[in-house]
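Residue numbers (mature numbering (1 follows the signal peptide of the UniProt record, and there is no 0)): -23 to -1, 1 to 320.
This is the structure in structure tokens:
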């Protein structure tokens, strides 16, 4: 997740900065490439399972009550959910890089951060989804969100309306319904295609100090206004009162943990140069990022056995944002020491 690109451009001048002598940022690309491999393994599995589910639905003449009686249906849907659940966290582990680097940032809108035409805003997705049945979903929102809303039934228009015990536990749980096969097939295929396009762009990307400092200064401040704000309105905090359609399967605290991992990976590439200029500042930045990772990790762990109240979530947000603000200030100071302008 990132601040709007127009705001980042205003604040950072990404792409307009003079080139500085590059640090050894090969580790950033290695980290990015490894996570993308995992993401693509998940999107391929999701797309293959969605194709299988579509074939089953077609053989039932798209009669979802008939489809519900086919034992292969559960297998296909479980595989599709597993693919999404593998790909989404892998993307969160690199989102801080993708969203913050101008050459890659369009993919964050497409994959994870973009809104639908109906919701509006600065980051409406640039694509439509043309379904096999001839219908078109015009600018439906980001692809991880569309797939989530389809697989777990949080978007009624993407559901068949037929109840189905997806996990086979003998009771009806959250998301137990049959998705619209046309939507799932198309959304899954497009998620996989765009993930492949991101991989191509990432392979071509040559990291610079400006890229990495800009991504850090642009993304670290989103801890509170993006991740915690989403979390506070989700079932992970307010339970059944939540009306969110996305970020409901995996907690935004888990997503934030993944993003912090990407920030730490980026700073590792810059650290030797910062240390050479100011060892104490380098230690402060690394400690700040490590402590933020531990802070968020504890929240993720505690979520397994408890739910925070909205009041507690507000307090946690303030503390996390204070940490992020301090880290951002120090990273900006480090950039200035190295002659990289990020204002």
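Cβ atoms here follow ideal geometry from the backbone N, Cα and C, with glycine treated the same way. In this text the structure is predicted, and so the values were computed from the model without any measurement.
- Tell me the DSSP bridge mates of residue 113? 107
- Message: Pop quiz: residue 189 and residue 5 are said to be a contact at Cβ under 8 Å. What is the actual Cβ separation, rounded to whole angstroms?
- Response: 6 Å
- Sorted by chain position, which residues of the same chain lie with C-beta nearer than 8 Å to residue 211's C-beta, five sequence neighbours on each side aside? 219, 221, 224, 225, 228, 229
- Task: Have a look at residue 258 and residue 270 and give me their C-alpha separation to the nearest angstrom.
- Result: 18 Å
- Task: Might you give, ordered along the chain, the residues of its own chain that have their beta carbon closer than 7 Å to the beta carbon of residue 18, omitting 5 neighbours on each side?
- Result: 63
- Query: Considering residue 158, what are the terminal residues of the alpha helix (DSSP H) in which it resides?
  - Reply: 158 to 181
- Query: Beta-carbon separation of residue 141 and residue 157 under 8 Å?
  - Reply: no
- Identified DSSP bridge partners for residue 286: Note: residue 286 sits in no beta bridge, so no partner.
- How is residue 317 classed by DSSP in three states: helix, strand or coil? coil
- Beta-carbon proximity check, residue 119 vs residue 89, cutoff 8 Å: yes
- Query: Between the C-alpha atoms of residue 236 and residue 37, what's the straight-line distance to the nearest angstrom?
  - Reply: 42 Å
- Task: Out of 108, 105, 112, 116, state which residue places its alpha-carbon closest to the alpha-carbon of residue 98.
- Result: 116
- Query: Helix, strand or coil: which one does DSSP assign to residue 155?
  - Reply: strand
- How is residue 139 classed by DSSP in three states: helix, strand or coil? strand
- Would you mind giving the Cβ-Cβ distance between residue 300 and residue 265, rounded to the nearest angstrom? I have them listed as a contact below 8 Å. 7 Å
- Cβ distance (whole Å) where residue 100 is taken to contact residue 113 below 8 Å: Wrong, their Cβ atoms sit about 21 Å apart, outside the cutoff.
- Query: Could you check where the alpha helix (DSSP H) with residue 61 kicks off and where it finishes?
  - Reply: 48 to 69
- Message: Given this structure, state the Cα-to-Cα distance separating residue 11 from residue 247, to the nearest angstrom.
- Response: 20 Å
- Task: Look at the alpha carbon of residue 317 and the alpha carbon of residue 284, and state the distance between them as a whole number of angstroms.
- Result: 42 Å
- Rounded C-alpha distance that separates residue 163 from residue 107: 7 Å
- N-terminal and C-terminal residue of the alpha helix (DSSP H) that residue 186 is part of: 186 to 196
- Task: Tell me whether the beta-carbon of residue 195 lies closer than 8 Å to the beta-carbon of residue 306.
- Result: no
- Query: Is the stretch 13 to 27 in contact with the stretch 48 to 56, if contact means three or more CB pairs nearer than 8 Å?
  - Reply: yes
- Query: What's the gap between the Cα of residue 83 and the Cα of residue 243?
  - Reply: 19 Å
- Message: From the DSSP secondary-structure annotation, give me the bridge partner or partners of residue 92.
- Response: 101
- Message: Applying the 10 Å Cβ sphere with the 16-neighbour rule, what's the burial state of residue -18?
- Response: The predicted position of residue -18 is uncertain, since its pLDDT is 41 and thus under 50; no value can be drawn from it.
- Helix, strand or coil: how does DSSP classify residue 263 here? helix
- Residues in its own chain within less than 8 Å of residue 178 by CB, not counting five upstream and five downstream? 80, 81, 84
- Query: Which word fits residue 151, buried or exposed, when buried means at least 16 other C-beta atoms lie within 10 angstroms of its C-beta?
  - Reply: exposed
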